[in-house]
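Asks: My structure is below; once you've seen it, I'll send some questions.
There are 2 protein chains.
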Amino acid sequence: MPRVLFQPYQIEAEISPDETVIDLAMKLGIHINASCGGIGVCNKCKVFLESGEAKGEKIEDIYYKACTLYPVTDIVVRIPVESHFDRKALLRKTRAQALERKETLSLDPPIKKVYLELTPPDIEENTPDLERLLSALSEKEFEITEVPYSLLRSLPHVLREADFKVTVTLFKHARGYRLIDLEAGYTLERNLAVAMDLGTTTLQLELLDLNSGETLAYTSDYNPQISYGEDVISRIEFARKKDGLKLLAERVKERSLLLMEELLKEAGRKISEINLFSIAGNTVMTHLFLELEPRFLREYPYVPVAKNYPLLRAKDLGLPLKEESVVLFSPSVASYVGGDITAGVLASLMAQEEQLTLFIDLGTNGEIVVGNRDFLMCAACSAGPAFEGGGIKCGMRATSGAIESVNIDPQTYEPMFLTIGRKKAKGICGSGIISLMASLLRVGLIDKAGKYRRDLKHPRLREGDEGYEYILVFKEDSATGADIVFTENDIENLIRAKGAMFAGYQILLESVGLSINELERVFLAGTFGSYIDLEDAITIGLLPDLPRDRFYFLGNTSLQGAKKVVLYTHKREELMRITQMMTHVELSNHPKYMDYYMAALFLPHTDESLFPSLSQRG
Amino acid sequence: MPRVLFQPYQIEAEISPDETVIDLAMKLGIHINASCGGIGVCNKCKVFLESGEAKGEKIEDIYYKACTLYPVTDIVVRIPVESHFDRKALLRKTRAQALERKETLSLDPPIKKVYLELTPPDIEENTPDLERLLSALSEKEFEITEVPYSLLRSLPHVLREADFKVTVTLFKHARGYRLIDLEAGYTLERNLAVAMDLGTTTLQLELLDLNSGETLAYTSDYNPQISYGEDVISRIEFARKKDGLKLLAERVKERSLLLMEELLKEAGRKISEINLFSIAGNTVMTHLFLELEPRFLREYPYVPVAKNYPLLRAKDLGLPLKEESVVLFSPSVASYVGGDITAGVLASLMAQEEQLTLFIDLGTNGEIVVGNRDFLMCAACSAGPAFEGGGIKCGMRATSGAIESVNIDPQTYEPMFLTIGRKKAKGICGSGIISLMASLLRVGLIDKAGKYRRDLKHPRLREGDEGYEYILVFKEDSATGADIVFTENDIENLIRAKGAMFAGYQILLESVGLSINELERVFLAGTFGSYIDLEDAITIGLLPDLPRDRFYFLGNTSLQGAKKVVLYTHKREELMRITQMMTHVELSNHPKYMDYYMAALFLPHTDESLFPSLSQRG
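Residue numbers (full-length UniProt numbering), protein chains in the order written: chain A, 1 to 618; chain B, 1 to 618.
Encoded structure:
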């Protein structure tokens, strides 16, 4: 990969083929003016190519637009004086390291297919069909404890169709095997499973080949329940309407199936090959999928219908898979700590390791788990949807046109920002919001209480309808035709949200006599965790101020956990053990919670000693 | 009870209040002419009342009709000389003793109802509903291994409806308990089960209270599948038609339900109180009820779909009981040794005792079991339906108007007979046929090969369309307006049937190195067994010639077995053990079967040493 040397700062780094010079600059914290989000129209991101070869659009004859510039060889670029640069900001861009938790396990799915060549009956030995089958299985050490009625009915025909050569599909549960399918002839090669992360916003599915353990296809789409309510609370409300619950369940099942068909099409496989469907979702989503009454999840004292969901068959749920195909749901711990978290902890391996780990899943709510192989404490922080852009004036989901990264020049207070898909800016998504707030704080445009400087006159600072605000994108440059602003109200919401998270870390740790400094690792789950900038998140006090090499982002651990259960039989037991181990702390009910929360309503915190690296940098 | 002394024979016996003098005479083997079947119209059964008081219809001023005569006090009756009497016949009427197999077991049904007052959740302890319930059950030592989805869906509502005071219904299986119902409040008193004998001809049902073990109601009716075929073979044939199997299954399920409703009405109970339905039937009937392919039961090499049927829920079978109510089927051993026999052996206790026992169930086919607590051998004898009146010219089922008992005067060859319900004779049922054949043999009207005397001129003996025959009822006296006859063809059919049975006893015994003389007990199952006259059955060689006190009739052991399973949990395991123990011998395939069978085609047998008591009497 070619290298880029930024002058006059003498900062050099490798650049990947799909990155432009402005992407790399943003990553390195080097400020280049860019007010169009990197789409190549504002003409402000000009750089001078001092040496090397590169492709890009020229401007004013001698400059290149950094947002169009792809190096061909190593290059040296000089950033004109118009783009100021704060040397210290270079320390302020750190991504958590990706951590793929790969274990060296041999593939051992709970679905076993066994090919049998049975001896056909004769008058000397006319054992009934079922017992003939069971005894052949018993010889191979498969003890069958459950035989479904539907299989009994097709049994004599299937056996005779293929002259007593058949393939059986078995599902291993705690006490033996359940017979789930019987096919004429040899069909060992057909053995699929689907793993799904059942999210409030999106469904993510993988199609897995249980013979190889490989992922054959991946897809995702919105959870169609969104049309009936964006967050879990509004969906619980919708479920109270007549047939509301049924409708919600049907919609999400339909969409899952459509996505499954998409996966099958991509892989060139058939729906009849799917033997297992493993689902991990939060407690509300799981209730809604299962058409279980969600009302009491929301009503005091917040009681789910179940923690461990029974093993279901496709036909129980009206899913048009083979009727005995097994549907597994990841167990919940509490109303707001669900199967996505238990599956996530499973995938993270934290419950098998010694290191004291803080697991954070930041979505609509923030769920956190502290522990290691000896104990697990968990809680849901009522962070609200601020980190997904909810409750923020110009907030939006992390889709095309969302501002995902911001840097503000400390002298000019001009922003540099990038949008997802490099489109005209529509609004600001979670990572952009954190980045923006951290920048505002660093350049001193807001104080530690989250208030804008009242003394400064600047075209981007003004008193709007909702109080003071910073104009990130002027309406001329936005996709919406309106200014994209960040208000003091927005900041207040964010401070509350991050305060709830931070107080949560403290309560959980304190409840086992530990403190933040003792954390050996911080795991960030979810796609959010992979976009967040560590320095920014620590700067505003959302993440604890620990050595940066203790932070890891793990990706979609809910989906990873759902997959593990499908690929390794013992992982289901491990998942049960995790669920059993997890002690849930009801934060709102904790006597010290309010104190910790109030103390955290400051940037980064009222107790500066908790953020030593920030005070050092001052 | 008053006593009756019959003169001139000096035979005296007690008479029960519902018996007439002719009933008693028939029981004692005392011949009184009676050609109307005991309905009081032939005026031939006249007796002279010598002393005592009795009520009845007079005839010729000084006589009474014996068929109308009910003693009030002890009486002496004299039988006029017209009614001859063979003294030896007195030895020839022996009923097997009834044997009620009552054990001293404490009631322990596999259904347990448990009333729970759960602590309602609060914010300190907001365990999910399901785990709250399961942990309360676990405290009472009920470990739940299965929770049905439907219950999960109603769980939160039921719990809250009754302020967390609920009654759960559990079904015990091998590995723990299955949760099958949840009701608000205290409902321990509602716990019913139904036991059913699923017969080819009749369904017999009992409604049981699982709290007391008492039978609340009993009913029976024809198996409506009769309309599609009288015997198992014709029903298997019908099942091959399009939707034939479905239709057969639906008909019998409908009828079962109607009968169940009748039981519930009689007992004043509700269908929702039924938690368990235990069914014992032969292999074909069980296949048809379960809509399992019956074809291969009949086709060589005669393979049932299953020996052990899985535990089913009412909803699996589309039965409109509570959907999780358990339906149990008694296991089969082979195509023609079914759940009626395994349940029968269970009820007979023979598999728990030391005495070598021969168990005989004589219905459409004859199923036999030989063994004791150490071993069990079984076989189906292809006796055909002769003992139910099938394949016999004037044969009929044992219903109103069927001749059930016959005695022939050794001098006049005139018959005395009684009909069921004391109606005009319509035909001859099984016990009548055996009785008639034994009488014909005793008085010498047929020889040991089953042929009528050709030398005798008698108005009741003639050569008809189908060869020689005995006219039991002249058309003037029959309900059908036709002569009721017994042909040589009929006799041949009967000889074949009894020969198949006898050869079966011999093969089974020989296969374990035993002989008929070593039998310590003979158990006669089914209603047939309670009507059969031992002397008659031994005379024709249907039953072995053993001391009469070794014979017992047990009644409907299939129904009794189905009941035991419902009342005592461990009986289901015992039933499994019995089924496992039972070694099935395919008679038609046994190398010696044909020899034994041929040797038995004689009255009583070609080997007279096998019937010593008959040769003694000469």
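For each residue, glycine too, the CB sits at the ideal point set by N, CA and C.
Note that the coordinates shown come from a computational prediction; the quantities given were computed from them, not determined experimentally.
For P148(B), does the three-state DSSP call read helix, strand or coil?
Replies: Three-state result, P148(B): coil.
Asks: Return the residue from the list L257(A), E60(A) and I79(A) that minimises the CA-CA distance to V21(A).
Replies: Comparing Cα positions, the closest option is I79(A).
Asks: Quick check on Q10(A): does DSSP put it in helix, strand or coil?
Replies: Reduced to three states, the DSSP call for Q10(A) is coil.
Asks: Can you have a look at Q97(A) and say buried or exposed, based on whether 16 or more other CB atoms are within 10 angstroms of its CB?
Replies: Counting Cβ neighbours within 10 Å, Q97(A) comes out exposed, since fewer than 16 surround it.
Asks: Measure the Cβ-Cβ separation of I540(B) and L601(B) and say whether it is below 9 angstroms.
Replies: Cβ distance not < 9 angstroms, so I540(B) and L601(B) don't count as in contact.
Asks: Taking the straight line between their C-alpha atoms, what separation do you get for K58(B) and G40(B)?
Replies: Cα to Cα, K58(B) sits roughly 11 angstroms from G40(B).
Asks: In chain A, which residues lie less than 7 angstroms from F296(B) when you measure between Cβ atoms?
Replies: Within chain A, the residues near F296(B) are P156.
Asks: Give the single residue among A503(A), I279(A) and L519(A) whose Cα lies nearest to the Cα of H590(A).
Replies: It is A503(A) whose Cα lies nearest to the Cα of H590(A).
Asks: Would you mind stating whether E488(B) and E466(B) have Cβ atoms separated by less than 9 angstroms?
Replies: Yes; because the gap between Cβ atoms is below 9 angstroms, this pair is in contact.
Asks: Rounded to the nearest angstrom, what separates G618(B) and E608(B) at their Cα positions?
Replies: With a pLDDT of 46 at G618(B), under the threshold of 50, the modelled position of that residue is not reliable, and the figure given next carries that caveat. Each residue's Cα considered, the two are about 11 angstroms apart.
Asks: Taking its Cβ as the centre, do 16 or more other Cβ atoms sit within 10 Å of G363(A), making it buried, or is it exposed?
Replies: G363(A) should be labelled buried.
Asks: List, in order along the chain, the chain A residues whose C-beta lies closer than 7 angstroms to that of Y596(B)?
Replies: Here the premise fails: no neighbours, minimum Cβ distance about 18 angstroms.
Asks: In angstroms, rounded to a whole number, what distance separates the CA positions of E125(B) and V585(A)?
Replies: Roughly 10 angstroms separates the two Cα atoms.
Asks: So if DSSP puts I111(B) in a beta bridge, which residue, or which two residues, is it bridged to?
Replies: Its beta-bridge partners are F171(B).
Asks: Starting from the beta carbon of P121(A), find every residue of chain B whose beta carbon is closer than 9 angstroms, and list them in chain order.
Replies: The answer, in chain order, is F296, P301, Y302 and V303.
Asks: With a threshold of 8 angstroms, are at least 3 pairs of Cβ atoms found where one atom belongs to the stretch 293-303 of chain B and the other to the stretch 238-246 of chain B?
Replies: Yes, the stretch 293-303 of chain B touches the stretch 238-246 of chain B.
Asks: Please say whether S348(B) and T104(B) have beta carbons closer to each other than 9 angstroms?
Replies: Contact flag unset, no.
Asks: When we look at the beta-carbon of A314(A) and count the other beta-carbons within 10 Å, is it buried (16 or more) or exposed?
Replies: By the neighbour-count rule (16 or more Cβ atoms within 10 Å), A314(A) is buried.
Asks: Could you check the C-alpha separation between A267(B) and N223(B) for me, to the nearest Å?
Replies: When rounded, the distance between both Cα atoms is 23 angstroms.
Asks: Would you tell me roughly how many angstroms separate the C-alpha atoms of residue 621(A) and V485(A), rounded to the nearest one?
Replies: The question about residue 621(A) has no answer, for chain A in this structure spans 1 to 618.
Asks: At a Cβ cut of 9 angstroms, what residues of the stretch 570-594 of chain A count as close to chain B, listed as they run along the chain?
Replies: Answer set for the stretch 570-594 of chain A: H584, E586, S588 and N589.
Asks: Give me whichever residues DSSP pairs with Q225(A) in a beta bridge.
Replies: Answer by DSSP bridge pairing: none, since Q225(A) is not bridged.
Asks: Nearest-angstrom Cα distance between K46(A) and N33(A)?
Replies: Between K46(A) and N33(A), the C-alpha separation is close to 8 angstroms.
Asks: Please compile the residues from chain B whose C-beta is within a distance smaller than 7 angstroms of the C-beta of L118(A).
Replies: What L118(A) touches in chain B: nothing, since even the nearest Cβ is about 11 angstroms away.
Asks: Do you know offhand how far V194(A)'s Cα is from V284(A)'s?
Replies: When rounded, the distance between both Cα atoms is 21 angstroms.
Asks: What do you get for H570(B), buried or exposed, if any count of 16 or more other CB atoms within 10 angstroms of its CB means buried?
Replies: The residue in question, H570(B), is exposed, as its Cβ has fewer than 16 Cβ neighbours within 10 Å.
Asks: Along the stretch 93-111 of chain B, where does the CB come closer than 9 angstroms to a CB of chain A? Name the residues.
Replies: Taking 9 angstroms as the Cβ-Cβ cut-off against chain A, none of the residues of the stretch 93-111 of chain B qualify.
Asks: Smallest Cα separation from N249(B): which of R153(A), L546(A), V566(A) and A599(A)?
Replies: The sequence shown places Ala at residue 249(B), not Asn. Nearest C-alpha to A249(B): R153(A).
Asks: In this structure, how does DSSP classify Q97(B) when only helix, strand and coil are distinguished?
Replies: Three-state DSSP puts Q97(B) in a strand.
Asks: Interface residues of chain A around V166(B) at Cβ under 8 angstroms?
Replies: Result: empty, since nearest Cβ-Cβ is about 14 angstroms, beyond 8 angstroms.
Asks: Just to confirm before moving on: does the CB-CB distance between C381(A) and L559(A) stay below 9 angstroms?
Replies: No, Cβ-Cβ distance for C381(A) and L559(A) is not below 9 angstroms.
Asks: State the beta-bridge partners of H584(A) as determined by DSSP.
Replies: In DSSP, H584(A) forms a bridge with C378(A).
Asks: Given that a residue counts as buried once 16 or more other Cβ atoms are within 10 Å of its Cβ, and exposed if not, what is P544(A)?
Replies: Classification for P544(A): buried.
Asks: Could you tell me the distance, in whole angstroms, from the CA atom of L91(A) to the CA atom of G29(A)?
Replies: Note that L91(A) scores a pLDDT of 49, beneath 50, so its modelled location is shaky; the value from the coordinates is reported in the next line. Rounded to whole angstroms, L91(A) to G29(A) spans 8 angstroms at the Cα level.
Asks: Does DSSP put N407(A) in a helix, a strand or coil?
Replies: Three-state result, N407(A): strand.
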